[in-house]
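With the first letter of the sequence shown counted as 1, position 228 gets the number 222 in this note's numbering; the numbers rise by one all the way through.
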Amino acid sequence: MIVRAVILLALCGMTMLLCQFSPQPKGGGEAGVAAELPLVAGSFVGENEPASDKERALLPSDTIIVKREYRTPGRPLDKRDLAHASLVIAGNDSRSIHRPEVCLDGQGWTITDSRVREVKLLSGELLRVRDLAIEREVLLSDGSKLPLRAHYVYWFVGADVSTPSNLERQLISLRDSVLRNVNHRWAYPSVMARVTDNLTPQQSGERSRNDEETVKMILSLIRSLAPHLQKGEMPHS
């Protein structure tokens, strides 16, 4: 019992010394992403979308929000794709970055599946992302209900690291603030697209895609976005 008390006291003392003598983390660190989404990404062309009033109200005022709607122009209706990409970059308030699952639930989506997927980038690196299969019902003008399905894919990007896990992001922040004197200014990019196999191209404005085809399309877009987005993947880096 005495030995355990001595060990506990020693550990407490070491922790206090570590906190006292370790350097303070750098404040206002540089983000690991560019604060923009590219106009062209592979076969997609993006159009700027404004952040909603609700997004602006919920997030701290110094949060950077960038959004684009990506389409594949020049294709016939039954060959078109459509996806929505967004980028959220934290300011001084860490509340800007959180688990997207919380917001999706608040928007009426039900998460039916969550898994980590890998995207092989042009550099040969593997980017790990989180794929959420989501669904909700929408009320049509005739009073009937239509099940709407989609995939929401996201990941977190720090100064020189990325992860699909919010828990891992928090652990990285803690580790690097103590051991590397780095205060990560986290960002999270995301891409969302509907599953359209229960809609006609005339109804959806795009081709009919099942879950597998929708995920494949999203990952292809991410493969094109990442070199323009993440500083560590940019050609000059």
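The C-beta atom is built at its ideal place from N, Cα and C for all residues, glycine as well.
For residue i, does the three-state DSSP call read helix, strand or coil?
i: Pro195; result: helix
i: Arg203; result: coil
i: Arg143; result: strand
i: Ser135; result: coil
i: Ala220; result: helix
i: Leu121; result: strand
i: Leu126; result: strand
i: Val34; result: strand
i: Val209; result: helix
i: Gly21; result: With a pLDDT of only 41 at Gly21, under 50, the local geometry of the prediction cannot be trusted, and the value read off the model is given with reservation. Gly21 falls in the coil class under three-state DSSP.
Sorry if obvious, but does the Cβ on residue i come closer than 8 Å to a heavy atom of the ligand GTP?
i: Arg130; result: With respect to the ligand GTP, the structure shown offers nothing to examine, as it has no ligands at all.
Locate the alpha helix (DSSP H) running through residue i, then write down its first and last residues.
i: Asp232; result: The requested residue 232 does not occur in the structure, where the chain is confined to residues -5 to 231.
Alpha carbon to alpha carbon, how far is residue j from residue i? Give it in angstroms, no decimals.
i: Glu200; j: Arg179; result: 36 Å
i: Gln164; j: Val34; result: 32 Å
i: Ala25; j: Asp154; result: 9 Å
i: Ala220; j: Gln197; result: 31 Å
i: Leu168; j: Glu227; result: 24 Å
i: Pro44; j: Ser80; result: 10 Å
i: Leu98; j: Asn175; result: 34 Å
i: Val27; j: His78; result: 18 Å
At which residues does the beta strand (DSSP E) containing residue i begin and terminate?
i: Glu227; result: Note, Glu227: premise wrong, no beta strand (DSSP E); not H, not E.
i: Pro183; result: 181 to 189
Relative to the alpha-carbon of residue i, which residue among the options has its alpha-carbon at the smallest distance?
i: Arg50; options: Val60, Glu129, Lys73; result: Val60
i: Arg74; options: Arg203, Ile216, Phe150; result: Arg203
i: His145; options: Ser156, Pro158, Ala127, Glu131; result: Ala127
i: Ile216; options: Arg122, Asp191, Asp56; result: Arg122
i: Pro141; options: Leu52, Thr106, Gly36; result: Thr106
i: Asp56; options: Glu227, Val82, His92; result: Val82
i: Pro70; options: Ser138, Leu173, Pro195; result: Pro195
i: Val234; options: Lys210, Phe38, Asn192, Leu116; result: Lying before the first or after the last residue shown, residue 234 is absent from the chain, which here runs from -5 to 231.
i: Arg109; options: Leu134, Gly137, Arg124; result: Arg124
i: Ile58; options: Gly40, Gly102, Ala84, Asn192; result: Ala84
i: Val39; options: Pro54, Ala29, Thr66; result: Thr66
i: Thr208; options: Thr190, His222, Ser218, Leu223; result: Thr190
i: Glu206; options: Arg143, Leu173, Gln101, Asn177; result: Arg143
i: Leu120; options: Asn86, Pro158, Leu173; result: Pro158
i: Gly23; options: Ser88, Asp72, Gln101; result: Ser88
Query - Minimum length 4: unbroken alpha helix (DSSP H) runs contained in the stretch 36 to 116 - result: 47 to 52, 94 to 100
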